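Some notes on the structure that comes next.
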Amino acid sequence: MTSRAKNKQKILILGLGRYATGSGVSAALYFAKKGEEVIVTDAFPANEVKDNVAQLKKFKNVKFHLGGLSLKDVEWADIIAKNPGVRRNDPMYIHAKKLGKPIINDVSIFFEKCPCKTIGITGTRGKSTTTAWIGDMLKRSGKKVYVGGNITVSPLTFLLKLKKTDIAVIELSSWMLETCGEVGISPNIAVWTNVMRDHLNTYDGIEDYAEAKAQIMRHQKPSDVFIPNLDDKLISGYVYEAPSVVKGFSYKKKVKSSAWISKNKIVIKDGKKITEVISINNIGLSGKHNIKNALAAIVAAKEAGATLRGIRESLAKFTGMPYRQEIIATKNGITFVNDTTSTTPDAASAAIERFADKNRTLHWICGGAEKDLPYDDLATLVALHSSNIDIQVLDGTAYKRFASAMKKRGIQYTKNESLKSAFNNCLSKAKKGDIILLSPACASFGLFKNEFDRGDQFNELVKKH
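The opening position of the sequence shown corresponds to residue 2 in the working numbering, with each subsequent residue numbered one higher.
Shown next, in the form of structure tokens:
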């Protein structure tokens, strides 16, 4: 046996996944190209992940164990590369932990190998928009920027392209951060937008969920920067635990604030100098939540070297992310809005607050898979607009909980077996000036491949209309 063969590591990819540039397949490609022995697993059968299998077929050092899971694969491996979609109650993951196997993911590999400055962004809501906005501010400032992470593009896809002077902006989910925490690694600049109730079918309460998010700053160096939302009570509790420099953001000036609102304008603090950036009325993205996203993005981009000119230009011109309260089209006076990434009641509430109006009807398509989240606050908000909201609910595991909350407040709704049925019901009632909004308040599991597939199907229905 050659020394090269002796030195080969045995890598288990725990969850190939279905995203073409996702965590699982990107980690598999990374190790396959390095010549390691790789076994790729997924609970889905081969036909469900065929496109990603095709990416790996040419590698003789890669084997596939698909459509079922075996604990023997965990015992075989030297290292477990876990897809963020694999939850902490997964038997394979539990077995790996029991055996003390090193557990990594694509993001932890990236942070370890990355030659340039890294910015990580997490939060229940706003992390995708903030991630893209930071990237836009830096690009408009003349920086070479790469954006990836939880927005379905693994940073491993561009790792080898990076130079020391580049900047990597990475969106991070709680599941990605759990593994980063196990490895003991955090980004140079860490942004935490908020903590809201989410994934309570996975976590033991919101505090447990917040602790997973907190891994974004837990392993920073003293010279690194932590950018927390100081208006969020849960996040504020972590401020004095940060091992790094704290430069937060808030609506009103606070002790650790580096950006806030003063006289309807965003201002930033740099040392003792305070600078007006822009009037909030001139920000291109509407909605109160986007003011918070802007504050977070400004602090992070400035810290990474963005110019004031680049920041101001981005604030005025950035148009946002697809699938997030995205206005798709207006046809025959009816406006269609795609908010498919709204997978929680809090997220749907934000959309309703933005689009509900006494002078028109909001035709709301919602419902889907259960995440063990309460719908009471959402139902209370809907009740305030009940005379102007037509509710079309998709059948799914969250239906009973959703229906119960609505019934308690006397809110009427229509149950649908498919997105097409819900869409057609909206069309049959909609008049000029109305809005048809997809904002599910639920996960997509069991009904669609993922939330983006749900959004794409909605867009296709709009296109055909």
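The beta carbon of each residue, even a glycine, is placed where N, CA and C say it ideally should be. If you're wondering where the values come from, they're calculated on a predicted model, not measured in any experiment.
By how many angstroms is the C-alpha of residue j removed from the C-alpha of residue i?
i, j, result
"ARG5", "LYS35", "Residue placement at ARG5 is poorly supported in this model, since its pLDDT is 46, which falls under 50; the coordinates are not used for a value here."
"GLY321", "ILE281", "16 Å"
"ILE236", "TRP134", "21 Å"
"LYS9", "LEU17", "21 Å"
"LYS98", "PHE250", "37 Å"
"SER175", "SER129", "13 Å"
"THR153", "SER387", "36 Å"
"CYS117", "VAL226", "15 Å"
"THR342", "ASP377", "20 Å"
"TYR252", "ASP232", "7 Å"
"CYS443", "MET177", "21 Å"
"MET2", "PHE32", "With a pLDDT of only 41 at MET2, under 50, the local geometry of the prediction cannot be trusted, and the value read off the model is given with reservation. If you take the alpha carbons of MET2 and PHE32, they lie about 21 Å apart."
"TYR324", "LEU173", "18 Å"
"GLY69", "ALA21", "21 Å"
"LYS465", "SER422", "14 Å"
"TRP284", "TYR400", "A small correction: the amino acid at residue 284 is Ile; Trp does not occupy that position in the sequence shown. Answer to the nearest angstrom: the Cα atoms are 37 Å apart."
"GLY334", "LYS432", "7 Å"
"LYS372", "LYS255", "34 Å"
"ASN151", "VAL170", "11 Å"
"LYS450", "LYS165", "37 Å"
"PRO188", "HIS220", "8 Å"
"ASN230", "ASP205", "23 Å"
Do residue j and residue i come within 8 Å of each other at the CB atom, strictly closer than that value?
i, j, result
"LYS140", "ASP167", "no"
"ARG19", "THR203", "no"
"VAL39", "ASN62", "yes"
"ALA47", "PHE65", "yes"
"HIS364", "LEU448", "no"
"ARG198", "GLY288", "no"
"HIS406", "ALA380", "Residue identity check: residue 406 is Ala in the sequence provided, not His. Closer than 8 Å, so yes."
"ALA297", "THR194", "yes"
"LEU157", "ILE110", "yes"
"VAL463", "ALA352", "no"
"LYS248", "VAL196", "no"
"ALA55", "ILE12", "no"
"LEU30", "PHE45", "no"
"THR415", "ASN426", "yes"
"LYS131", "VAL87", "Sequence inspection shows Thr at residue 131; the Lys mentioned does not correspond to that position. No. Outside cutoff."
Do you know whose CA, among the options, lies nearest residue i's CA?
i, options, result
"SER445", "ASP340, ARG455 and ASP347", "ARG455"
"LEU163", "SER174, GLU371, TYR147 and ILE152", "TYR147"
"ILE80", "GLY185, ILE14 and SER251", "ILE14"
"LEU1", "ILE366, HIS96 and GLY306", "Past the edges of the chain, shown from 2 to 466, lies residue 1, and the structure says nothing about it."
"GLU179", "GLY206, VAL108 and GLY25", "VAL108"
"LEU286", "ALA380, LYS430 and ILE328", "ILE328"
"VAL338", "CYS367, VAL75, LYS359 and ASP347", "CYS367"
"ILE292", "PHE112, ARG126 and ALA404", "ARG126"
"VAL383", "LEU374, LYS416 and ASP347", "ASP347"
"MET138", "LYS421, ILE436, ILE312 and LYS433", "ILE312"
"ASN294", "ILE267, ILE390, PHE403 and THR42", "ILE267"
"ARG402", "LYS303, ALA21, THR345 and GLY150", "THR345"
"LYS58", "CYS115, VAL41, PHE45 and ILE335", "VAL41"
"GLY101", "PRO85, VAL87, GLY86 and VAL75", "VAL75"
"LEU385", "GLY411, PRO375 and ASP205", "GLY411"
"GLN413", "GLU37, ILE390 and PRO244", "ILE390"
"SER224", "HIS200, SER245 and TYR239", "SER245"
"HIS200", "GLN458, PRO375 and HIS466", "PRO375"
"GLU183", "CYS115, TYR94 and GLY149", "TYR94"
"CYS115", "LYS432, PRO229 and LEU161", "LEU161"
"THR362", "ASP435, LYS430 and ASP373", "ASP435"
"LYS270", "HIS290, GLU418, ASN425 and LEU309", "LEU309"
"GLY159", "LYS359, SER142, PHE112 and SER187", "A quick correction: the sequence has Phe, not Gly, at residue 159. Minimum Cα distance to PHE159 is reached at PHE112."
"ASN417", "LYS409, LYS408 and ALA404", "ALA404"
Starting from residue i and walking both ways along the beta strand (DSSP E), at which residues does that stretch end?
i, result
"ILE168", "168–172"
"CYS367", "363–367"
"ALA47", "Element bounds for ALA47: n/a, residue is neither H nor E."
"ILE152", "No beta strand (DSSP E) contains ILE152, which DSSP labels as neither H nor E."
"LYS274", "274–280"
"ILE437", "436–439"
"ILE120", "118–123"
List the endpoints of the continuous alpha helix (DSSP H) containing residue i.
i, result
"ALA29", "24–34"
"ILE353", "346–356"
"GLU461", "452–465"
"VAL75", "72–77"
"PHE424", "420–430"
"ASP377", "377–385"
*Flag this pair as touching only if the region 115–125 and the region 312–324 have three or more C-beta atom pairs under 8 Å; answer yes or no.*
no
*Can you find at least 3 beta carbon pairs, one from the region 258–273 and one from the region 208–218, that sit closer than 8 Å?*
no
*asked:* Does the structure place the region 389–399 close enough to the region 368–375 that three or more beta carbon pairs sit under 8 Å?
replied: yes
*Tell me, please, whether the region 101–117 touches the region 20–35 by the rule of three or more beta-carbon pairs shorter than 8 Å.*
yes
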